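Have a look at the structure below, then the notes.
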Amino acid sequence: MLYEGYILYPYRQSVKNRQRWTFGGLYPRAFCEAQRSVESPELQVQCLVLGDLQTRVDVSLRFLRLIERKIGQFHRPLVDWNPETIPAFEPVELLKVGNRQFHAWQEASEEKLSSEPVCLADIVRFPLFCRFTFSASVDREPIGNDEGQYFGLIERTRHSLSATLELSVTPAADGCFRLTVRAVNESDLDSSAAMDRDEASLHALAAAHVLIHVRGGEFVSQIDPPAAWRELAADNESIGVWPVLVGEPPDCSSLLAAPIILYDYPQIAPESPTALFDATEIDEILALRIMTLTDAEKESMRAVDARSLQLLNRVESLDARDFLRLHGATRDVERISSQFGPWQTTPEQAMQSVFAHGVLLTPGDRVRLAPRPGADIFDTVLAGKAATIHSIEHDFEGQVHLAVTIDDDPGRDLGEQLQPGHRFFYRLDEVEPLSQGEAGLS
19 MLYEGYILYP YRQSVKNRQR WTFGGLYPRA FCEAQRSVES PELQVQCLVL
69 GDLQTRVDVS LRFLRLIERK IGQFHRPLVD WNPETIPAFE PVELLKVGNR
119 QFHAWQEASE EKLSSEPVCL ADIVRFPLFC RFTFSASVDR EPIGNDEGQY
169 FGLIERTRHS LSATLELSVT PAADGCFRLT VRAVNESDLD SSAAMDRDEA
219 SLHALAAAHV LIHVRGGEFV SQIDPPAAWR ELAADNESIG VWPVLVGEPP
269 DCSSLLAAPI ILYDYPQIAP ESPTALFDAT EIDEILALRI MTLTDAEKES
319 MRAVDARSLQ LLNRVESLDA RDFLRLHGAT RDVERISSQF GPWQTTPEQA
369 MQSVFAHGVL LTPGDRVRLA PRPGADIFDT VLAGKAATIH SIEHDFEGQV
419 HLAVTIDDDP GRDLGEQLQP GHRFFYRLDE VEPLSQGEAG LS
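In short: position in the sequence shown from 1, add 18, done, that's the numbering used here.
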């Protein structure tokens, strides 16, 4: 969640990435007030906690702290690097050393601010305030070649930050409490009226979200509360974040308030091979588009950021099987099992076998085609043909289909490569299982 929107396709400096940090940024209060900006200095999450006054909660605020990365070029190469005696350098947008490129850019480090676990009794009358500060710092890293010459440096600057975390609770009903958590960027900026968004972002809490754990109690789902708590849940007011239950259902002890709308118990799809930094990502499309980048574009992607380099390396390592897994998946295994018989036990195995005419069919088994009346011309021509099951699939309506290749099709290998025109789909009642040695009709 921290890195949603971190860097978008084409994953390098571009118009699309000109304005970054669009998710959940908390900007300095002084900047927002001076600019009357649409940006906000604070977030708030309200949620219902079932328990008693001894129920304990602990809260953490997680965000990205931005790092300003500058590239400096020395007037002449150095043969020795001493961080105590760095010579004058000229800021540049791009420095090339051998086959490597170094870009001026922004990076980010993960930060976490946490309150001490507290009992609800401790914050019923008086809110708990926690203040956190981060000092400014500068780090420099040399840029050299294999021969020991240094042509420039990377200068990374972290700017000062100050933030507050406030926890309060009010009784909402017998055994039910309304917990409020507020986080505010209180960074003190000089000349904030003249500062633009890019400058202010260096003092922002980017992608800020709240994680809350409860012990001796449980949270009420905000998006699907039980009927007894629905009216109280409707009165909760969250600002800038969307609270959902996280963990393994039916556990209700953890809640995530994120700047992106999620459902309760969100999970990363097991087919997803890597982080693509897009909250509405479609992995297959983005992976294919990355593979179409030119060599020069990929080189720029490698150079601009360590995370984009990691993304590119992972996508380039995907094989045909990985892409096939990205092409489609289903999660409703239990419903299909009840309709079509016993399936395998895990989602990974759910489409590996199916019963038809009392026989367990798996990819590689042979069947004879028996299309239902009123079929199209292809089915009429292929009726009675022997075929081999290539895969078992089903559509969004829950209908199971066997993807088959025709045994005597000269282009059968194209069907096995998922090419159109040589791969056909039939329902379970449109095939008849063949024995191991039974020959197909020509």
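C-beta atoms are modelled at their ideal positions from N, C-alpha and C, and glycine is treated no differently. Quick caveat: nothing in here was measured; it's all calculated off a predicted structure.
CB contact flag (residue i, residue j, <8 Å)
i: R176; j: I85; result: yes
i: L280; j: R386; result: no
i: E125; j: R87; result: yes
i: P109; j: H221; result: no
i: L344; j: A293; result: no
i: A181; j: L229; result: no
i: S153; j: S78; result: no
i: H412; j: R445; result: no
i: V259; j: H227; result: yes
i: E57; j: G43; result: yes
i: S127; j: L96; result: no
i: Q62; j: E255; result: yes
i: E217; j: P28; result: no
i: D282; j: D313; result: no
Nearest neighbour of residue i, chosen from the options [CA to CA]
i: I407; options: G416, D383, L207 and D426; result: D383
i: N331; options: P268, M309, F341 and H231; result: M309
i: N117; options: V422, S318 and L185; result: S318
i: L68; options: M213, D431, S155 and V238; result: V238
i: D253; options: L197, V232, S272 and Q285; result: L197
i: N100; options: G166, I89 and Q64; result: G166
i: C50; options: E204, L329, T423 and E289; result: E204
i: F396; options: A106, L378, A421 and G439; result: G439
i: E184; options: I410, V75, E315 and A338; result: V75
i: L66; options: D208, R320, C270 and A405; result: C270
i: P288; options: F169, S371 and D340; result: D340
i: P189; options: A324, I141 and L171; result: I141
i: D208; options: A48, G416 and S371; result: A48
i: I104; options: D425, L171 and L112; result: L171
i: K403; options: T380, D425, D394 and G392; result: D425
i: F41; options: A225, L146 and G429; result: A225
i: Q64; options: V422, A251 and R307; result: A251
i: A102; options: P160, D313 and P135; result: Sequence inspection shows Glu at residue 102; the Ala mentioned does not correspond to that position. Considering only alpha carbons, the answer is P160.
i: D98; options: M213, V372 and N163; result: N163
i: G235; options: V136, A401 and F373; result: V136
i: D214; options: S326, S55 and I278; result: S55
i: P267; options: A276, I278 and P284; result: P284
Residue i classed as buried or exposed, judged by whether at least 16 other C-beta atoms fall within 10 angstroms
i: L20; result: buried
i: I257; result: exposed
i: V449; result: buried
i: K114; result: exposed
i: F414; result: exposed
i: A375; result: What sits at residue 375 in the sequence shown is His, not Ala. When all chains shown are included, H375 counts as exposed.
i: F92; result: buried
i: N35; result: buried
i: E434; result: exposed
i: L378; result: exposed
i: R390; result: exposed
i: R200; result: buried
i: A368; result: Residue placement at A368 cannot be trusted, given a pLDDT of 43 that sits under 50; what the coordinates show is reported in the next sentence. Its Cβ being crowded by 16 or more others within 10 Å, A368 is buried.
i: A405; result: buried
i: T364; result: Any reading at T364 must be qualified, since the residue scores a pLDDT of 38, below 50, and its modelled position is unreliable; the value itself is stated next. Classification of T364: exposed, given that the 10 Å Cβ count is below 16.
i: A246; result: exposed
i: R38; result: buried
i: S155; result: exposed
i: L274; result: buried
i: F169; result: buried
i: Q437; result: exposed
Close beta carbons around residue i, own chain, < 8 Å, minus the five adjacent residues each side
i: D94; result: Looking at the sequence provided, one finds Arg at residue 94 rather than Asp. Here the set comprises nothing.
i: Q31; result: H121, W123, S318 and V322
i: D427; result: G433 and H440
i: P291; result: D301, A305, R332, V333, L336, D340 and L344
i: S112; result: One point to set straight first is that residue 112 is Leu, not Ser, in the sequence displayed. The answer, listed in chain order, is I89, Q119, F120, H121 and A122.
i: P381; result: Q370, I407, H408, S409 and I410
i: Q328; result: T292
Cβ neighbours of residue i in the same chain (closer than 6 Å, five flanking residues each side left out)
i: R149; result: T182
i: L311; result: none
i: S272; result: H231, V264 and G265
i: R174; result: I85, R87 and D157
i: T151; result: S180
i: L138; result: L71, T73, V187 and F195
i: K130; result: S78 and R80
i: A388; result: E448 and E450
i: F443; result: H419 and A421
Chain-order list of residues whose beta-carbon lies under 7 Å from that of residue i (same chain, five-residue window excluded)
i: F295; result: Y21, E22, G23, Y24, I25 and L26
i: A324; result: none
Neighbour flag for residue i against chain C, beta carbons, 8 Å
i: H408; result: In the structure shown, chain C does not exist; there is a single protein chain.
Exercise. Where are the alpha helix (DSSP H) runs, 4 residues long or more, that stay fully inside the stretch 207-246, in chain order?
Worked result: 215-219
Problem set entry | alpha helix (DSSP H) runs contained entirely in the stretch 288-329, provided each spans 4 or more residues | 301-309 and 313-322
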